[in-house]
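Below is one structure, written out as structure tokens, with a few remarks after it.
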Amino acid sequence: MERVKPTNPECPFCPGAHLSSDWQGYVVVLNPERSEISSILNIERAGNYALKVNVR
Numbered sequence: 024m025e026r027v028k029p030t031n032p033e034c035p036f037c038p039g040a041h042l043s044s045d046w047q048g049y050v051v052v053l054n055p056e057r058s059e060i061s062s063i064l065n066i067e068r069a070g071n072y073a074l075k076v077n078v079r
């Protein structure tokens with residue numbers, strides 16, 4: 024399985040936060056206003072989101 028590698032090591036929504044390469048699963052939100060998943064996960068902006076990030 025090929026890993027997804029970010030082109031930019033910082034989050035576009037929170038510039039001070041660094042991205043982790045150790046995560047499992049992700050969700051793509053295209054229209055947060057109409058998405059049931061985004062309302063469950065409290066996502067307000069369209070984008071790609073990791074579902075589980077392993078912090079060490």
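Be aware that the sequence shown starts at 24, since it is given in our numbering, and climbs by one per residue. No residue lacks a Cβ here, since even glycine has one placed at the ideal position from N, Cα and C.
Exercise. With 16 other CB atoms within 10 Å as the buried threshold, where does S61 fall?
Worked result: Locating residue 61 in the sequence shown gives position 38, counting from the first residue. S61 is buried by the Cβ-count criterion.
**Item:** Whether Q47 touches L74 by CB criterion (8 Å)
**Value:** Within the sequence shown, the letter at position 24 stands for residue 47. Within the sequence shown, the letter at position 51 stands for residue 74. Yes, these two residues count as a Cβ contact at 8 Å.
Put E56 into one of helix, strand or coil per three-state DSSP. Working through the sequence shown from its first residue, we reach residue 56 at position 33. E56 falls in the coil class under three-state DSSP.
Notebook entry, point to check: Based on the DSSP secondary-structure assignment, which residues constitute the bridge partners of N71?
Noted result: Along the sequence shown, one-based indexing puts residue 71 at 48. BP columns for N71 point to V51.
Q. Do V52 and A40 have their C-beta atoms closer together than 8 Å?
A. Looking up residue 52 in the sequence shown gives position 29. Looking up residue 40 in the sequence shown gives position 17. Not in contact: V52 and A40 (Cβ atoms no closer than 8 Å).
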